Amino acid sequence: MAQHLSYEESVRGVWKGLGLLAAVTVVEVLLSLLKAAEFAESIRPLIYVASLLIIALSIYKAYFIVYEFMHMGYEVKGLAMTVLLPTLLLLWALIAFFNEGDAWRKSREKVLYKDQLELPAGDEVGMSDDNNLLYLSQES
Amino acid sequence: MTEERDTDIIIAEDHKPELNNDWSGGDRKPFRTSYGKLMMWYFLLSDAFTFAGFLISYGALRFSSPSWPVPDKVFATAPFGINEYFPNGEAPLIFVTFMSFLLIISSGTMVRAVQEGARENKRGVVFWMLLTVLGGAGFLGCQAWEWTNLIVKENMTVSTNPFGTYVENGYYLDPETGEITDEEVVEGETYLLHVAGQSHGEEAADDHGDDHGEAHFAYSTVPGDYPGYVVDGLRPDGTGDPTAKPFIHRKYVVVDEETNEQLLKVQEFGPPAFGALFFGITGFHGFHVATGVIFLLIILINAGSGVYVARMNGYEMVEKIGLYWHFVDLVWVFVFLVFYLL
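First to last, the sequence lines map onto chains A and B.
Per my numbering, numbering through the first sequence is continuous, rising by one, with the last residue being 140.
Per my numbering, numbering through the second sequence is continuous, rising by one, with the last residue being 1342.
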């Protein structure tokens, strides 16, 4: 495709692409500021929608850089696939490790919650005639 | 089929393509591209996995923290006091957006250099590569300023993160008397812990203009537990540790929802992984930019001195360093996304 363009056209294409990337970046920053604005704090869906939009725009930027600036769109399909397909492995890494991070947070919260629990005193347990249990509760 | 004779074999051998002894593999190129460009792509693929590993570990650690510093508060400064012209003296993300533009524009000038190379235009290649080098060097300069500001002014280190975030709503104590004020603590808001006795570049985070009202009050620089705040460095035996950085932690109260009791809280440090991840990942990216600038300069000088004119291959070396340079820009898209935008 680009090979068929005249020199002037491909030069114009570069500046157009540059303008596009700059515009997308500005939109991303505006969305990010919007989601951190004070009035947005009470509207949870707004934060999620803005975050998802920012991620989608970043992926679009990455696609544009790879396909136009790095000329991947004009290479042989086999070359493009050998480079792009292995990156799909990262999808699994994303799911697995973000899940893992969330699990770390949950188990830490659980430990903190258990740490602040108070042990009932021996006579409150109601089985103080059982020597064994009494011993156990005094021990701890 | 006729039966096999010795002569048939000899004729067949004659029609086989000539095998060469030097392993160069004939004249058909795999994927119709040069060896150098193909290997540059595979190097970039492996590098992408390295960066992805770093960024995914960032994500996992961020998910595992109960709170995370809000980037609008952390990255709200700009050189030459530009942030002073903004409300509250904070210019959220402005400087880092400028840095992104520098890198994107240098990517565009790099495409122009490759285009001029394809036309065998030496002057064009040198001119556009020079602009690319300037963009890359400008980006590195900006990053140096950003790091200096974080380390020297805001006291962030690899293991200390003075940017904390509230996880509850409440009210500050007056630092002088220890009485509850009507100054609010807001859940999800990020504050910067200041070091006692240091003038700080920005009045951001926890202040909210209270400096103006209490200009007569100054925080003590001696480690200890004061009515409305704590200064770091108090040993259990009551003496001060002179080597500890005296961070000021303000006290605030949170009302317990179930018992209606007032619980006294002290400002904590933010998640310690933040500093290590920030300096590690932006540092690794900056290292890529720095090596990119060096290689751009080498190839710029080679192009200028006519090395590639003799090769007659459309300045392929410029194309290869171009691929690397766009990759650096590509990585920045994701670093920018996770550290500054989200």
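Using N, Cα and C, we set each Cβ at its ideal position, and we do this for glycine too.
This structure is a prediction, so every number in the text was calculated from the model and none was measured.
Around the beta carbon of PRO1271/B, a 10 Å sphere encloses 16 or more other beta carbons of the protein chains shown; the residue is thus reported as buried. In the three-state reduction of the DSSP assignment, GLY1164/B falls in the strand class. At a cut-off of 9 Å between beta-carbon atoms, SER1159/B makes no contact with chain A.
Shown here for GLY1197/B: same chain residues with a beta carbon closer than 6 Å to its own, the five before and five after excluded, namely THR1221 in chain order.
In its chain, beyond the 5 residues on either side, LYS35 and ALA40 have a beta carbon closer than 7 Å to the beta carbon of ILE47/A.
Pairwise C-beta distances place the segment 1028 to 1041 of chain B in contact with the segment 75 to 83 of chain A, as three or more of them are shorter than 8 Å.
Under the 9 Å criterion on CB atoms, SER6/A is classed as non-interfacial with respect to chain B. DSSP places ILE65/A in no alpha helix (DSSP H); its state is neither H nor E.
DSSP, read as helix, strand or coil, puts TYR7/A in helix. Contact note: VAL14/A reaches chain B through GLY1108, VAL1111, ARG1112 and GLN1115, using a C-beta cutoff of 8 Å and chain order.
Bounds of the beta strand (DSSP E) holding ARG1250/B are 1248 to 1255. Taking the C-beta atoms as reference points, PRO1092/B is found nearer than 9 Å to PHE1075/B. In the DSSP assignment, VAL1328/B forms no beta bridge with any residue.
With respect to TYR1315/B, VAL1125/B sits close: the two C-beta atoms are nearer than 9 Å. In this structure ASN1161/B touches GLY1275/B by the C-beta definition: roughly 5 Å separates them, less than 8 Å.
Annotation for PRO1066/B: VAL1167 place their beta carbon closer than 7 Å to its own, counting only its chain and skipping 5 residues before and after. In the DSSP secondary-structure assignment, GLU75/A is not bridged to any residue. In this structure, the beta-carbon distance from ILE1105/B to LEU30/A does not fall below 9 Å.
Pairing GLU1176/B with GLY1138/B, the inter-Cα distance amounts to about 46 Å. Taking CB atoms only, ASP115/A has no neighbour in chain B less than 9 Å away.
Along the segment 1076 to 1110 of chain B, going in chain order, the ones with a CB nearer than 7 Å to a CB of chain A are PRO1092, LEU1093, THR1097, SER1100, PHE1101, ILE1104, ILE1105, SER1107 and GLY1108. An exposed status is given to VAL27/A, since fewer than 16 other beta-carbon atoms sit within 10 Å of its beta-carbon. Residue-level contact by beta carbon holds for VAL83/A and chain B, with a gap shorter than 9 Å.
Straight across, the Cα-Cα distance linking TYR1085/B with TRP1041/B is about 45 Å.
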